[in-house]
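First to last, the protein sequences are chains A and B.
In terms of this note's numbering, the first sequence opens at residue 62 and continues consecutively.
In terms of this note's numbering, the second sequence opens at residue 62 and continues consecutively.
Idealized CB from N, CA, C, for every residue including glycine.
Here's the structure, in structure tokens; my notes come after.
There are 2 protein chains.
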Amino acid sequence: MNGDSTISSKGNPIPHATMERLPRYLMQLYRFRVIGDANVSSQALGESLGLKDTQIRKDLSYFGVFGKARYGYNIDFLIDALEKILGLTRVYNLAIVGAGNIGRALATYRGFESREFRVKLIFDNNKGLIGQDIGGIVVQDFRLLEEKIKEIPVDIAIIAVPEKAAYEVAETLVKAGIKAIYNFTPAELHHHEGVFIEHASISFGIYKLAHHLSGHWPRKSQR
Amino acid sequence: MNGDSTISSKGNPIPHATMERLPRYLMQLYRFRVIGDANVSSQALGESLGLKDTQIRKDLSYFGVFGKARYGYNIDFLIDALEKILGLTRVYNLAIVGAGNIGRALATYRGFESREFRVKLIFDNNKGLIGQDIGGIVVQDFRLLEEKIKEIPVDIAIIAVPEKAAYEVAETLVKAGIKAIYNFTPAELHHHEGVFIEHASISFGIYKLAHHLSGHWPRKSQR
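As structure tokens, this is what we get:
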């Protein structure tokens, strides 16, 4: 399943780019809150992010969130709204399969841990890696996956193995009852009813930059 | 600059999600070509990717690329068209700043090397890392950046340092004349005229999966 459109409170589709900006808004709002601000205008939020205030107001209006004239947005309220929109109302347990470079990078990725995503398990089939400590988590034998996720329930499994191994890993994950897979390999995994698969798009930013540099991508931006 | 819309050959904006799917189409077409296929239907391409054939035809039609009834798309022609759309008509030199987990993962990321992106330089300011070999590239002292990129011109610099260090790294890159930056930290970098900055969105897929699991994201997908 690759559904990539969200539906707004009014039933309209929400642009992918809007959904990508929301985590950035949230991160910046956390920073404003730490400073002690109570309110923030769309202008101030926009300036801090290199975005137009109109863009921010448009993005938030999809979710029925509107600022007040002169006061802007109440920061606590907006954080709460964004956390709900982004599904951050509970903690999600993550398992990473593959303790190579990408797996290690993800295991210690601040962007996960600082939000409601907790890496709980790391698996590999390499005997040289099993037993190693990565950011406080001991790498487990992938053959013990089913057993381990009975002890520690896993919401989302991340595949960070070589492309060729990804297919078999995915099958094993699905058999073990995992319902959400984040695939960091270029492999096109088989689809299973009731299992959500997302592709990490590491290369996408590079493509956009290549476009910019080659002049094919329009220089005009939303700034 | 955060322009996130592309303009089609007819002047219409192209959805972000379409631009994200194009690299997947291209990767799959490479696979079909290796097998020796000359043509591929939108149905076959769609099935291999878990996408509807209508989605594929729509995505490609933005660029004026249409298949033929009964034959579908000529694979060589479609690869050529997608490479042009994605700016893969020349090689781009990459420099990675930060030889930690993310930097290492990116330095050896197959998705870059297999296309037209070549990691040429890796920098760090950690003496314990300078001089280390990562995938055949020796980590250089970040203080030598300006000197090194005179020897090896860099098109795109990737920032993979701790968030706090990202601001200073970005300033140094801009001063050294780098025009395209791919930022793998959560830092909101200052904008500079004529410099393109892209954010890696590692967390985005996780958010989407969290949505799916929490039921907020519509289950109905484009499959």
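Check                                                                                                                                                                                          : Outcome
State the beta-bridge partners of A218/B as determined by DSSP.                                                                                                                                : A156/B and I242/B
Of the choices H273/B, G238/B, E232/B and V222/B, whose alpha-carbon is the least far from that of P247/B?                                                                                     : V222/B
Starting from the C-beta of L110/B, find all residues in its chain whose C-beta is less than 7 Å away, skip the five residues before and the five after it, and write them out in chain order. : R85 and Q89
Could you give the uninterrupted runs of the alpha helix (DSSP H) lying entirely in the region 83 to 159 of chain A, keeping only those of 4 residues or more?                                 : 103 to 110, 114 to 122 and 136 to 146
Between which two residues does the beta strand (DSSP E) carrying I287/B extend?                                                                                                               : Because chain B in this structure spans residues 62 to 284, residue 287/B falls outside the shown range and cannot be described.
Measure the C-alpha to C-alpha separation of P74/A and H77/B and round it to an integer number of angstroms.                                                                                   : 13 Å
What is the residue span of the beta strand (DSSP E) that I191/A lies within?                                                                                                                  : No beta strand (DSSP E) holds I191/A; DSSP gives it neither H nor E.
Look at V126/B and A142/B and say whether their C-beta atoms are less than 8 Å apart.                                                                                                          : yes
Give a yes or no on whether the C-beta atoms belonging to I140/A and Y91/A are separated by under 8 Å.                                                                                         : yes
If the cut is a Cβ gap below 7 Å, which residues of chain B does D216/A touch?                                                                                                                 : L274
Given that T169/A touches chain B, what residues does it touch there, using C-beta distances under 7 Å?                                                                                        : N162
Using a Cβ-Cβ cut-off of 8 Å, state whether L190/B counts as contacting chain A.                                                                                                               : no
Report buried or exposed for K181/B, applying the criterion of at least 16 other Cβ atoms within 10 angstroms of its Cβ.                                                                       : buried
What residues match up with V14/A in a beta bridge as DSSP calls it?                                                                                                                           : Residue 14/A lies beyond the residue range present for chain A, which begins at 62 and ends at 284; the question has no answer from this structure.
Using a Cβ-Cβ cut-off of 6 Å (strictly less than) and excluding sequence neighbours within five positions of G169/B, which residues of its own chain qualify?                                  : A quick correction: the sequence has Thr, not Gly, at residue 169/B. Within the same chain, T169/B has close Cβ partners G196.
Express the C-alpha separation of V199/B and D185/A in angstroms, rounding to a whole number.                                                                                                  : 27 Å
What in chain A is Cβ-close to I96/B, meaning under 8 Å?                                                                                                                                       : Chain A residues near I96/B: none, gap ~14 Å exceeds 8 Å.
With distances taken between CB atoms, is the gap from G133/B to V101/B smaller than 8 Å?                                                                                                      : yes
Count the other CB atoms within 10 Å of the CB of R131/A; is the residue buried (16 or more) or exposed (fewer)?                                                                               : exposed
Does E212/A come out as helix, strand or coil in the three-state DSSP assignment?                                                                                                              : helix
Relative to the C-alpha of D98/B, which candidate in A241/B, D120/B, A231/B and N135/B has its C-alpha closest?                                                                                : N135/B
Cα-Cα, which of F257/A, T233/A and L270/A is closest to A241/B?                                                                                                                                : L270/A
If you follow the beta strand (DSSP E) that E249/B is in, where does it begin and where does it stop?                                                                                          : E249/B -> no beta strand (DSSP E), and no H or E assigned at all.
For D202/A and I191/A, what's the separation of their Cα atoms in angstroms?                                                                                                                   : 6 Å
With distances taken from CA atoms, which of D120/A, K119/A, R118/A and V152/A is nearest I267/B?                                                                                              : V152/A
Residues in its own chain within less than 6 Å of E36/B by CB, not counting five upstream and five downstream?                                                                                 : The displayed coordinates of chain B run from 62 to 284. Any statement about residue 36/B would go beyond what the structure contains.
Just to confirm, is the Cβ distance from F178/A to L155/A under 8 Å?                                                                                                                           : yes
Whose Cβ in chain B lies nearer than 7 Å to the Cβ of E259/A?                                                                                                                                  : G266, K269 and L270
Taking C-beta pairs closer than 7 Å, name the residues in chain B that Q89/A reaches, listed in chain order.                                                                                   : E249
Out of D216/B, A166/B, A160/B and Y228/B, which has the shortest C-alpha to C-alpha gap to Q189/B?                                                                                             : Here residue 189/B turns out to be Gly, not Gln, going by the sequence shown. With distances taken between Cα atoms, G189/B lies closest to A160/B.
What three-state label does DSSP hand E259/A in the structure shown?                                                                                                                           : strand
State yes or no: is the beta carbon of F178/B nearer than 8 Å to at least one beta carbon in chain A?                                                                                          : yes
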